[in-house]
Each structure stands twice: as C-alpha cells, then as structure tokens.
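In terms of this note's numbering, the sequence shown has 231 at position 141, counting the first letter as 1, and numbering is strictly consecutive.
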Amino acid sequence: MFVALPLVGLLATAALPSRRVEAIRTVGWVVPAAAVVVAGGLYARFNLAEAGRQFVVSFPFLRFSYPIVDPQAGTMRFQSVSAPFSFGVDGLSLPLVLMAALVALAAALAARTEHRRVKTFFLFFFLLLVGISGVFLADNLIVFFIFFEFTLVALYFLTAIYGGFGREKAATAFLVMNGLGSLLLFLGFVWIFRLTGTWEMGEIAVRLPLSDVPPGERWALFWLLVVALGVKLPLVPLHPWMLKVHREAPPAVVMLHSGVLLKIGAYGFVRFVLGFFPDLFPKAATALAAWGLLNLLYGAFSALVQNELRLVFAYASVSHMGIVLFGLAALNAAGLMGAVFQMVSHGLISALFFLLLGMIVERTKTSRLDELGGLYRSAPELAGLFVFAALASLGLPALSGFVAEFQAFYGLFLSPARDIALIGLLGLALSAAYNLRAATRTTFGTPRPEWGAMADLRPLEAVPAILLAAAILVIGIYPNVLALPLEATVADVLGRVGG
C-alpha cells in the first residue's frame, strides 16, 4: 500500500484540470500525509524479532526465456526466468521509509509556493515519490532498478523545468553522471543474475557468497557496484553533479534529493555491496573507510570556505556521507547502526536546512553569506529554527546528529581502522566550524534596509519545519525508536560477514 499511495497521487493529479491549482496542491500534501500514517502503521506492526522481510506483497510482472547453448553437445535449450513485482520491509528499509515519508510531506507543503506549471510539477513530484517508495521496498533487482530509474527521470525534469538560471546545465550534469551510474548498476545486476540465476535479493545473498565464481571476477563485480552506487551517494570525486543540483533545483526538490535520494546510494551499499559480498567486504573495509575519510574532510573543508549557503549544505552532505562509510567499514553493530542512523538523521537535517533556506531566499532574494545577517532581529522564529538545524548538523547531544556520529565513530574506533577514525575527528571539528559560521552569519548582525519589514514563520511554513525538527529531537532523545527495528537485521547482516 505504501508504494501504491504516490501512484494514486500521480493518477489523481493527472485527472485534475490544470486550472484546479488548489485541488492539485491539496492532493500534493494529502497523499504524503497518508503515506506518513501508513509508514507509522508498518512501524507499529513490525515484528522486532524478525530479521527478514515483512508485509511482503508479490505478483507476476515479467517472464521471459533466453537460450543456453552447449557447444560440446551441439544443443540449445531455453531457460525460463520470472521477475515478479515483490515488495517488503525489513529493519534496514523501515527507518528509511519513515524518514522518506516525513521528508516527502514536508517537501509537499513547501511546494505549495510553486506557481509555475503546478500540475506538471506535482506529476513529476509524485513520480519521484513512486520511485523512492519502490527502491526502499523492492525485493528483487529488476524492480529496484525500474524504480531507481523513475527517480532519475523525475528529478531531471523537476530540475530542468523549475530550477534556477543554471537549471539546464545542472539537469544535464545530473543526467550524464547518474545515467552512467545506472548503466554500471544495470551491468552489475545482469552480471549477478548470470552468476546466481535469480533476481531475488534474499536468494542472491545466499547463493553468491557460496558460488564457485573466481575471486577476481567477484572482486571486479564488487568494485563495479561500489562505483555505481558511489555516483549516487556521492563519493569524491564523483560528486560535482550533486553540487549543481543543490544549487539550482527548487527547495522542495532539493529537500527530497539531499534528504532522501542520496540515501539510495548508501542503502545500496548495505543491501548489495555488504549484503552480497560478506566475505569480501572485510578485506575492503579499510579502503572504504579511507574513502569515507576523503569524503568527510574534503566536504568539510570545502563547506567551510563557501560563501553560497546552498553550496555549504551541499558540501556538508558530501562530508556526512563519509560518516556513513565509516559506519559500514566498522563491520560491527555500533558502526552499522551508526551508518543507518546517519542516513536518517542527515535526511531530516538536510531537508530542514533547505526548507529554511527556501524561506530565507524568498524573503531576502539571496543565499550568499556576505549578503545575509540580522535574521534574528527580523524573523526570530525562522532564525531559531535555522540555528537548531545547524546545531543538529554539528552533532549537539540530544539531537539526532550526535547519536549517528557517535555510533559510527565508536564503531570505527573498535575496528582495525581506528587510526582513520582518529583522523576523522578533524572532520567533526570542521563540521562545527562551518555550521556555526553559517548560523552566525545568517542570524546575527544587522538586517539590510532593503529587506524592509520581514515576515516571520507563517503557519503553512511552520508545520513542515516543526515536523522535521520534532523528528530530529525525538531520535536524539530516544534513539531506540530507530534502534529497536534495526537490531535483528543488523545482527543477521553481521552474522554472515567474513564467512
């Protein structure tokens, strides 16, 4: 049902005439609100002791045959293959589904200020939500890839049509790099099918590690998936396209892109790279931790010297995805928990940042730090939430960022890559520096006279901001809200590592 809801929204929007703008906007937020309720229902009914997929729904989708030739016998036979539409949720996907639902609702409410081609906007908005829902719940590779492509198509048009002055270049850069990543991912999936004879993720996780495939071939497949998913994460130096999208796409779209879509790459690392290669991953863990350190430090140093707030947050995303790799490379319960917590926490915090930035730009017509200042005097509630987001991003205790970073770093300190974790502490210091720099330069000082009387948070703006801030606070105070459904899945994944 969770996957069906955005499809219902897409069809309802398509059925409404373009002139029914308010009706389209209402559908735009009502459907995501229903998705939050459904996601909450999945959480309430989730069996915490079960490591596998729950609430599984499956029906026939694709059946085909392909020839197999035996040159020695001179015979040919046809192998029948089926790839059903199969969806389910486990302890890994459930936290991401909850986060995606909350961010989607906040983005839908933020998008009510969009006045250009409103129907077209929400058509692609719902297509994006269809893709997001399917990716996190897909139970086989074909379904995952189809919904993954939906996200690419939707984000391309949302950026190209509704972005800023450089929207076409940003959309093209996105399409080229993500198209390349998709090609590599598809090749990897076909390669996996050739080796295992199945598209089902659960069966692949069992068959591939036990197969008699030569080690060199398995390593090639391993690194192919790392690079393919690294485009989406993104890993340095595969990240420049993301900076362009963050700078040019409208706020509601960047909320979903930074908050949710980047996590598809991280999710793929856990589901495919670690899940399908539990024997190889420990041997590559130090290299992946080092790559995470590159992301962490490069992103943090770059964020610290930016004058454009959009780029500050974009580079911050690059940096924080390095912490996800830290958690994965730790290969222990604390690290893996920290990686998933970081996916969820960063999703909420970055969505809040870009939501608030959209409000600031709408009032001041700028997002440059040297042109901002004095927000606290003009709009104290907006300024207060902006400072809250900055404190959450730098890892203030009792907020979600602290829980995520502490677990990921603690896990890496317990691993053979502890020296990398020690160097990575510099990244946390830089995170405090660029977040406090952005917060103080934006909120303190003297407002510019040309802004005139500035409105503080309006009721329609306050709802999504408070929704995201509350989620950040709840996770920080009561991390078990995410940890409990994760425990069984984390134990299952780690139980297969190194075999």
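Ideal placement from N, C-alpha and C gives every residue a C-beta, glycine not left out.
Note that the coordinates shown come from a computational prediction; the quantities given were computed from them, not determined experimentally.
Distance between residue j and residue i (C-alpha atoms, nearest Å)
i, j, result
"Pro-537", "Pro-470", "12 Å"
"Gly-365", "Gly-306", "18 Å"
"Gly-417", "Leu-489", "18 Å"
"Val-303", "Leu-285", "7 Å"
"Leu-446", "Ala-555", "8 Å"
"Val-363", "Thr-533", "42 Å"
"Arg-135", "Thr-530", "43 Å"
"Gly-589", "Trp-309", "In this prediction, Gly-589 scores a pLDDT of 44, lower than 50, which makes its location untrustworthy; the coordinate-derived value is nonetheless stated afterwards. In a straight line, the C-alpha of Gly-589 is about 16 Å away from that of Trp-309."
"Gln-144", "Arg-527", "45 Å"
"Trp-381", "Leu-563", "30 Å"
"Arg-221", "Thr-579", "Per the sequence shown, the amino acid found at residue 221 is Gly instead of Arg. Approximately 24 Å, taken between the alpha carbons."
"Val-451", "Met-291", "44 Å"
"Leu-576", "Ala-129", "15 Å"
"Gly-142", "Leu-319", "23 Å"
"Leu-384", "Ser-176", "37 Å"
"Trp-281", "Asn-230", "14 Å"
"Arg-586", "Tyr-500", "22 Å"
"Pro-372", "Ser-223", "30 Å"
"Arg-361", "Asp-546", "43 Å"
"Leu-217", "Lys-334", "22 Å"
"Leu-486", "Phe-492", "6 Å"
"Ser-148", "Phe-312", "28 Å"
"Ser-183", "Leu-426", "13 Å"
"Leu-516", "Leu-387", "8 Å"
"Gly-266", "Val-243", "The sequence given here has Val at residue 266, not Gly. Roughly 12 Å between the two C-alpha positions."
"Arg-337", "Leu-462", "17 Å"
"Asn-570", "Val-321", "31 Å"
"Ala-102", "Pro-368", "44 Å"
"Phe-403", "Leu-415", "19 Å"
"Ala-419", "Leu-132", "30 Å"
"Gly-566", "Leu-97", "33 Å"
"Leu-401", "Ala-581", "38 Å"
"Phe-211", "Arg-110", "13 Å"
"Phe-496", "Leu-323", "21 Å"
"Trp-289", "Phe-359", "17 Å"
"Val-553", "Pro-174", "39 Å"
"Gly-514", "Leu-520", "10 Å"
"Glu-112", "Ala-424", "47 Å"
"Gly-437", "Val-193", "8 Å"
Closest Cα partner of residue i within the set the options
i, options, result
"Leu-574", "Phe-237, Ala-125, Val-117, Glu-140", "Glu-140"
"His-59", "Leu-242, Gly-253, Pro-185, Gly-224", "Residue 59 cannot be examined here, being either before or after the span of the chain that is shown, 91 to 589."
"Phe-92", "Ala-380, Val-127, Val-117", "Val-127"
"Ser-407", "Arg-458, Leu-370, Phe-431, Gly-349", "Gly-349"
"Leu-95", "Val-402, Ser-183, Val-117, Glu-112", "Val-117"
"His-410", "Phe-371, Pro-340, Glu-461, Leu-325", "Leu-325"
"Ala-124", "Phe-403, Leu-195, Leu-415, Leu-182", "Leu-195"
"Leu-459", "Ala-581, Tyr-133, Leu-394, Gly-437", "Leu-394"
"Leu-213", "Glu-293, Ser-521, Ala-105", "Ala-105"
"Val-583", "Phe-496, Leu-242, Val-296, Leu-219", "Val-296"
"Ser-108", "Arg-207, Val-120, Gly-181, Met-189", "Arg-207"
"Leu-518", "Leu-401, Gly-389, Ala-198, Ala-581", "Gly-389"
"Phe-74", "Met-433, Ala-507, Ile-114", "Only positions 91 to 589 of the chain appear in the structure, and residue 74 is not among them; the question remains open."
8 Å contact criterion, which residue i and residue j should meet: CB distance rounded
i, j, result
"Leu-346", "Leu-314", "Not quite, the Cβ-Cβ distance comes to about 27 Å (not below 8 Å), so this is no contact."
"Leu-558", "Leu-442", "4 Å"
"Leu-378", "Val-317", "Actually they are not in contact, since the Cβ atoms of Leu-378 and Val-317 sit about 12 Å apart, beyond 8 Å."
"Ile-413", "Ala-498", "5 Å"
"Ala-260", "Ala-200", "No, Ala-260 and Ala-200 are not in contact; Cβ-Cβ is about 19 Å, not under 8 Å."
"Arg-257", "Ala-250", "6 Å"
"Ala-191", "Pro-122", "7 Å"
"Ala-375", "Leu-421", "6 Å"
"Pro-327", "Phe-444", "With 8 Å as the limit, Pro-327 and Phe-444 do not qualify as a contact, their Cβ atoms being about 24 Å apart."
"Gly-428", "Ala-494", "6 Å"
Proximity below 8 Å, CB of residue i to CB of residue j
i, j, result
"Met-544", "Ser-468", "yes"
"Tyr-357", "Leu-186", "yes"
"Phe-279", "Phe-235", "yes"
"Val-354", "Val-225", "Inspection of the sequence shows that residue 354 is occupied by Ile rather than by Val. Contact flag set, yes."
"Ser-272", "Phe-238", "yes"
"Leu-484", "Ala-511", "no"
"Leu-248", "Val-343", "yes"
"Leu-431", "Leu-572", "Checking the sequence, you will find Phe at residue 431 rather than Leu. Contact: yes."
"Arg-453", "Trp-541", "yes"
"Leu-351", "Leu-245", "yes"
"Ile-439", "Ala-507", "no"
"Met-189", "Val-477", "no"
Residue ranges of each alpha helix (DSSP H) run of no fewer than 4 residues wholly in the segment 332 to 393, ordered along the chain? 341 to 346, 352 to 358
Kindly provide the ranges of any beta strand (DSSP E) runs that are 3 or more residues long and lie completely inside the segment 100 to 160, ordered along the chain. 144 to 160
In chain order, what are the residue ranges of uninterrupted alpha helix (DSSP H) at least 4 long that sit wholly in the segment 201 to 269? 208 to 227, 231 to 252
Note down, one range per segment and in chain order, each alpha helix (DSSP H) of at least 4 residues found wholly within the segment 414 to 479. 423 to 454, 465 to 468
Every unbroken beta strand (DSSP E) inside the segment 287 to 338 [3 residues or more]: none
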